[in-house]
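Okay, structure first, notes after.
Protein chains in written order, with UniProt numbering: chain W, 1 to 508; chain S, 1 to 214.
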């Protein structure tokens with residue numbers, strides 16, 4: 001956790017929750033774990049605001065609390081990872097939309113917006129929203145079905161709750177309860193909609209988004225995309241089925257899956273109508289994939305037409321290498337990338353040898369390798385030969401790469417980039433605050449006029465209040481802001497990839 | 001980070017990345033090459049960009065995600081979770097006052113299931129309780145005060161009682177000072193919270209002493 005990480009967290013929070021919450025979050029970031037009155041002392045905010053902010057933060061699962069020694073008080077600590085995940089919310093929503101359709105997306109959206117929510121409330125809210133949007137014949141039970149699916153597929157998970165009544169509740173949840181949705185009677189829901197006094201049966205059972213499940217999907221998507229790019233769509237499809245079959249036998253975050261029989265995959269392919277091509281060349285595909293350098297798929301046994309294991313950890317190590325190489329290429333150009341790849345290929349290489357093998361003029365090679373070393377992409381290992389009695393001491397200085405530290409360094413760079421783009425974006429907004437505010441005001445007036453059925457002439461009059469040059473500036477700003485926001489989304493994808501690598505490193 | 005191990009005294013800290021002559025020789029820096037002088041300045045704040053990054057390929061998907069992002073942030077900023085600075089400066093225009101009112105209406109709607117939060121964070125329940133308690137106290141105070149005043153009138157000459165009465169009067173005056181404030185602010189939620197907190201402050205502070213010290 002670095003200073004820049006804290007700054008990014010502050011920026012994310014202040015955009016979504018405002019300056020007060022931001023102050024508390026940055027204080028909690030600094031001191032990790034703190035009781036209420038220390039927060040008051042550190043932030044110098046009125047206590048009521050601090051309480052309110054802490055409630056909000058707990059609601060969105062950004063702050064955890066634990067009982068102090070004195071059980072009436074709690075120690076609050078920031079859940080930093082979850083703050084950063086807020087950047088990924090659009091991705092989750094898009095993913096839900098693509099996989100399960102609009103209704104599921106709205107369910108997830110509702111939960112993300114509220115932090116957590118009970119199932120009945122959720123169904124009613126989403127149903128109402130959908131009814132407002134489109135006049136389709138939609139029933140409550142349809143929404144319920146979607147919700148049940150999301151819960152059983154673990155995209156939504158039960159919020160830990162307090163079993164005993166204590167001043168500082170100890171929140172726990174059993175593994176069984178994570179996916180067991182209480183019975184929801186549609187009739188009660190209908191009655192509740194008509195008459196608010198009718199109590200909902202599952203008032204105290206809350207659900208929240210299970211980010212881990214989404215990450216699992218994102219991981220699979222990356223793997224499939226890699227095979228799509230390297231071979232073709234069919235190879236990607238085969239890998240997809242392998243991954244799906246893997247879950248039947250293996251824990252989703254295991255380094256290596258249990259063997260998956262190829263016949264099983266073939267059977268599934270046979271049921272798909274569009275897969276005639278990949279079925280015809282199934283054996284060849286499997287052969288090529290298992291011989292590929294990333295060695296994601298390896299043969300585990302010959303029985304029943306061969307079974308294969310999926311090496312997820314190695315796949316992500318490979319991806320991390322590719323990513324780092326790509327970054328070196330973009331940052332220092334192709335000659336440096338060649339040197340980097342050479343050090344990767346021959347771990348512990350002598351500088352002289354490096355200069356010869358890289359086929360780059362010695363002077364350039366030196367310069368580039370020093371540059372890579374200076375920016376922490378290369379590392380130096382010194383070897384000293386045990387000195388003989390009176391001979392000269394021979395030293396070897398060798399280049400090598402510590403991938404994990406390179407990845408961590410790149411993660412820092414990503415955070416820094418995030419910080420820079422966000423700061424710049426805020427700066428742009430501040431610079432043009434007057435015009436943006438004006439636009440907002442005029443938009444609001446127009447909305448109001450529309451509601452009152454104003455004539456088009458009147459509307460046009462109001463619209464003309466934004467002059468042409470102002471319009472140009474506005475367009476310019478929105479283009480810049482869009483660019484910055486895109487960077488935010490894209491950087492987050494890189495962060496995900498790097499974090500995935502570190503997750504797999506950590507398992508052991 | 002590798003370190004210059006062969007360095008003479010003082011050299012070789014992890015932060016010190018300079019090499020010894022031997023290492024430099026190994027790396028291919030000959031004796032003749034002039035070593036660059038020490039850099040004592042911090043790196044420039046905006047270093048020149050050596051290469052231009054590749055532009056993004058726009059896609060419908062990113063556009064949609066941008067909309068989702070915008071929607072989410074708009075929702076958060078309008079929701080009660082977006083907490084504004086409590087004491088805005090007085091120079092605010094009435095327009096913004098309205099904004100504040102709107103925000104307050106929202107926040108009153110906010111309901112938490114307090115089973116999921118530490119009880120020390122509950123504002124309103126406590127405030128109500130304390131308010132009730134105070135109300136009773138006030139009645140007593142008024143009666144007592146009347147008595148005291150009566151006594152004062154009747155026994156002007158009795159010094160002892162007068163002193164007592166004065167003491168009590170002082171206490172009463174203090175109470176009086178607090179009272180009008182409370183009544184004035186009763187209309188808003190915020191003020192109630194504030195008072196309640198003032199009351200609790202000492203209790204909690206006591207408890208804190210037992211807690212861990214950072």
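Virtual Cβ for every residue (Gly too), placed ideally from N, Cα, C.
As the structure is a prediction and not an experimental result, all values here were calculated from the model.
Bridge-paired residues (DSSP) for residue i
| i | result |
| --- | --- |
| residue 380 (chain W) | W:399 |
| residue 64 (chain W) | W:77 |
| residue 172 (chain W) | W:161 |
| residue 414 (chain W) | DSSP output for residue 414 (chain W) lists no bridge partner at all. |
| residue 118 (chain W) | W:206 |
Listed by chain order, chain S residues near residue i by CB distance under 7 Å
| i | result |
| --- | --- |
| residue 486 (chain W) | 56, 62 and 66 |
| residue 58 (chain W) | 117 |
| residue 429 (chain W) | Going along chain S, no residue has its Cβ under 7 Å from residue 429 (chain W), so there is no contact; the nearest lies around 12 Å. |
| residue 91 (chain W) | 65 |
| residue 74 (chain W) | 118 and 120 |
| residue 65 (chain W) | 118 |
Element boundaries [beta strand (DSSP E), containing residue i]
| i | result |
| --- | --- |
| residue 301 (chain W) | 297 to 301 |
| residue 74 (chain W) | 74 to 78 |
| residue 243 (chain W) | No beta strand (DSSP E) holds residue 243 (chain W); the alpha helix (DSSP H) holding it covers 233 to 249. |
| residue 157 (chain W) | 156 to 158 |
Within chain S, the residues that residue i reaches when beta carbons sit closer than 9 Å
| i | result |
| --- | --- |
| residue 19 (chain W) | 83, 84 and 85 |
| residue 489 (chain W) | 62, 65, 66 and 69 |
| residue 16 (chain W) | 72, 73, 76, 77, 81 and 82 |
Residue range of the alpha helix (DSSP H) that includes residue i
| i | result |
| --- | --- |
| residue 433 (chain W) | 433 to 451 |
| residue 318 (chain W) | 312 to 345 |
| residue 193 (chain W) | 186 to 194 |
| residue 118 (chain S) | Residue 118 (chain S) -> no alpha helix (DSSP H), and no H or E assigned at all. |
| residue 270 (chain W) | 262 to 271 |
| residue 90 (chain W) | 89 to 100 |
| residue 59 (chain W) | 47 to 59 |
| residue 510 (chain W) | Outside the modelled stretch of chain W, which goes from 1 to 508, sits residue 510 (chain W), for which no answer is possible. |
| residue 198 (chain W) | Counting along the chain, residue 198 (chain W) falls outside any alpha helix (DSSP H), and DSSP gives it neither H nor E. |
| residue 144 (chain W) | 140 to 152 |
Residue i at chain W interface by Cβ criterion, 8 Å
| i | result |
| --- | --- |
| residue 143 (chain S) | no |
| residue 49 (chain S) | no |
| residue 45 (chain S) | no |
| residue 119 (chain S) | yes |
| residue 147 (chain S) | no |
| residue 108 (chain S) | For residue 108 (chain S), the predicted model reports a pLDDT of 45, less than 50, meaning its position is unreliable; a value from the coordinates is still stated below. Chain W contact via Cβ: absent. |
| residue 180 (chain S) | The predicted position of residue 180 (chain S) is uncertain, since its pLDDT is 43 and thus under 50; a value taken from the coordinates is nonetheless stated next. Closer than 8 Å: no. |
Cross-chain neighbours of residue i in chain W, by beta carbon under 9 Å
| i | result |
| --- | --- |
| residue 23 (chain S) | 380, 382, 395 and 397 |
| residue 74 (chain S) | Correct list: empty, because the minimum Cβ distance to chain W is about 10 Å. |
Any chain S beta carbon closer than 8 Å to residue i
| i | result |
| --- | --- |
| residue 194 (chain W) | no |
| residue 12 (chain W) | no |
| residue 55 (chain W) | yes |
| residue 113 (chain W) | yes |
| residue 162 (chain W) | yes |
| residue 329 (chain W) | no |
| residue 52 (chain W) | yes |
| residue 482 (chain W) | yes |
| residue 168 (chain W) | yes |
| residue 36 (chain W) | yes |
| residue 258 (chain W) | no |
| residue 228 (chain W) | no |
Reduced DSSP secondary structure (H/G/I, E/B, other) of residue i
| i | result |
| --- | --- |
| residue 207 (chain W) | strand |
| residue 371 (chain W) | helix |
| residue 155 (chain S) | coil |
| residue 256 (chain W) | strand |
| residue 308 (chain W) | strand |
| residue 349 (chain W) | strand |
| residue 34 (chain W) | strand |
| residue 91 (chain S) | Low confidence applies here, because residue 91 (chain S) scores a pLDDT of 44, under 50, leaving its location unreliable and the question unanswered by this model. |
| residue 76 (chain S) | helix |
| residue 9 (chain W) | helix |
| residue 57 (chain S) | coil |
| residue 134 (chain S) | With a pLDDT of 48 at residue 134 (chain S), under the threshold of 50, the modelled position of this residue cannot be trusted; read the value that follows with caution. In this structure, residue 134 (chain S) counts as helix in the three-state DSSP scheme. |
| residue 1 (chain W) | coil |
| residue 70 (chain W) | coil |
| residue 23 (chain S) | helix |
| residue 85 (chain S) | coil |
Neighbouring residues, chain S, relative to residue i (Cβ below 8 Å)
| i | result |
| --- | --- |
| residue 171 (chain W) | 116 |
| residue 210 (chain W) | Near residue 210 (chain W) there are no residues of chain S at all, since even the closest Cβ is about 18 Å away, more than 8 Å. |
heavy atom of the ligand ZN below 7 Å from residue i C-beta
| i | result |
| --- | --- |
| residue 49 (chain S) | You won't find the ligand ZN in this model; it holds no ligand whatsoever. |
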